[in-house]
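Encoded as structure tokens, the structure appears first; notes follow it.
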Amino acid sequence: MNTRLTYKTLVLGLLVSSFAAWGQSTTSNIEFPSFKLNRLKDYISADLFYTHDFVSSTGGVKAGPRNIGALDIYIESDLSKYSSVQGEFMAHYIHINQNDTRASIGDAQGASNIDMPQQVDRIVDLWYQQNWNDKIKTLAGIHDISMEFNVTESSLSFLNASFGTSAELSLAGPSLYPITSLGTRTQYMFNDELSLKTGLYDANVGDETTYRSFHSDIGNQTGYMHISELAHQQDHQKVALAGWNFTRSQEKLAADGRANSYGTYGLYERKFGHNTWAFARYGWANPLVSAIQSNVSTGVVYRGILQRKKTNDEVGMGVSQVHFSRSHMKNVAIEENSGTTSKETAYEAYYQFKPLRILSLRPDVQYITNPSGVKNIKDAWAVGMRTVVEL
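Residue numbering for the sequence shown is 68 to 458, as defined by the numbering used here.
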């Protein structure tokens, strides 16, 4: 059977059946109130965030200060609050200015998670989710998988990108902030704590030529990416196991032929006492096609140090290490004419506080050993400040 046709039929079938079932179950009973402009905030929420990173590095490829800016605009609506439709809508637009800090430091993980080699202007999320009942939810549209998959909430304030989404998964090229694609995701709740999420996404998210426009070929050239995560989550802890794969094979790194791109990850997060969180995550990808074979990260976050509200200030310390595949390091040794090592390690510490309700400041320091596994690149220090304005 033609694989392209099979997956295209599956995606279209999921979309059509979802909206058809929604239409049959709700059309005759939908009731919308009379909208009033002075109550618009009851129907739609809008949030704007401006994030600025100042990073000054020593060592690495090229030392020096750099400035990175990102604008995020979110528009969300819970239809159940003002109609009989049990659904949610979200739109998310971003602008990121060009500043390739990763190339300057020479690391593989990314000292800033908003760093991009080219300017980005595009829609990151544009989706609708239908809540069928207490157990099943279906989402369709442009979707950033980092909102739901591979997430440890307590690690999200770290600047290094590997504390957000693990490095081996990011490198595979999924539908991931800030470059995303069309897809569908279904969530099933076995009970209040145990859930299964599975998603199918267009694997072609685009490249540098589409950073300022949305791109999708619905699987025609590169197929699809599938990801599933089984999670057990309580108020004080979360544990999850997941697997992912691409439907089209990819070229091998250091040999002729092609191989499948797939991987797995596991994560654990726990709250100790009232203020302390700890997290750990391990991810692995097929080393025949992935430059990063594995990524392990762990850290501790303590909230409520000086400011009264426990969410207003926090301190975090973490370490993230990637292990490069042998095939990749053979290529690097030839290209860089240098000795290599199989691991890069990033150590990070930060303190975040809010002097104003709309303003948060985050001094941050990182020490990166063996950037990209190239011995000719010096270990690097990256000292910075993240400023976030929320309106």
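Beta carbons: idealized from backbone N, C-alpha and C, even for Gly.
Notebook entry, point to check: Near Thr-253, which residues of its chain fall below 6 angstroms by C-beta distance, leaving aside the five closest residues on each side in sequence?
Noted result: Thr-205 and Thr-265
Check: In angstroms, rounded to a whole number, what distance separates the CA positions of Ser-92 and Gln-153?
Finding: Only weak support exists for where Ser-92 lies, its pLDDT of 45 falling under 50; the coordinates are left without a value.
Check: What residue range is occupied by the uninterrupted alpha helix (DSSP H) comprising Arg-393?
Finding: 393–403
Margin query: Could you compute how far the alpha carbon of Gln-304 sits from the alpha carbon of Glu-155?
Written below: Roughly 26 angstroms between the two C-alpha positions.
Item checked: Assigned exposure category for Thr-408 - 16 Cβ within 10 Å defines buried -> Exposed: under 16 other Cβ atoms inside 10 Å.
Notebook entry, point to check: What does DSSP give as the partner residues of Lys-445 in its beta bridges?
Noted result: Gly-127.
Margin query: Counting C-beta neighbours from all protein chains within 10 Å, is the total for Gly-324 16 or more, i.e. buried, or is it exposed?
Written below: exposed
Margin query: Comparing C-alpha positions only, which one of Met-452, Trp-448 and Glu-457 sits nearest to Thr-125?
Written below: Residue nearest to Thr-125 within the set Met-452, Trp-448 and Glu-457 is Trp-448 (criterion: CA-CA distance).
Item checked: Pro-132, buried or exposed, once every other Cβ within 10 Å from all chains shown has been counted against 16 -> exposed
Check: Out of Ala-175, Ser-144 and Ile-181, which has the shortest C-alpha to C-alpha gap to His-162?
Finding: Ile-181
Check: Who does Leu-226 pair with in a DSSP beta bridge?
Finding: Beta-bridge pairing links Leu-226 to no other residue.
Note to self: On the CB-based measure, 16 or more other CB atoms within 10 Å of its CB, does Arg-393 come out buried or exposed?
What the structure shows: exposed
Next item on the list: With a cut-off of 8 angstroms on the beta carbons, I'd call Ala-158 and Asp-192 a contact; round off their distance for me.
Entry: 6 angstroms
Checklist line | Buried/exposed call for Phe-257, threshold 16 Cβ in 10 Å | finding: exposed
Next item on the list: Use the C-beta contact count for Tyr-332: other C-beta atoms within 10 angstroms, 16 or more gives buried, fewer gives exposed.
Entry: buried
Check: Just the Cα atoms here: how many angstroms apart are Ile-425 and Val-368?
Finding: Ile-425 and Val-368: Cα-Cα distance of roughly 22 angstroms.
Check: Cβ atoms of Glu-415 and Val-389: under 9 angstroms apart, would you say?
Finding: Cβ distance not < 9 angstroms, so Val-389 and Glu-415 don't count as in contact.
Check: Taking just the CA atoms, how far does Asp-174 sit from Pro-354?
Finding: The straight-line gap separating the alpha-carbon atoms of Pro-354 and Asp-174 is approximately 19 angstroms.
Check: What residues in its chain sit with their C-beta under 6 angstroms from that of Gln-360, if we drop five residues either side in the sequence?
Finding: Pro-354, His-390 and Ser-392
Note to self: Give me, in chain order, the residues of the same chain whose beta-carbon lies closer than 6 angstroms to that of Leu-308; leave out the 5 immediate sequence neighbours on both sides.
What the structure shows: Leu-297 and Gly-333
Check: For Tyr-329, which residues of its own chain have a beta-carbon under 8 angstroms away from its beta-carbon, when the five flanking residues on both sides are left out?
Finding: Gly-310, Trp-311, Asn-312, Phe-313, Ala-352 and Asn-353
Item checked: Neighbour-count burial assignment, Glu-260, 16 or more Cβ in a 10 Å radius -> exposed
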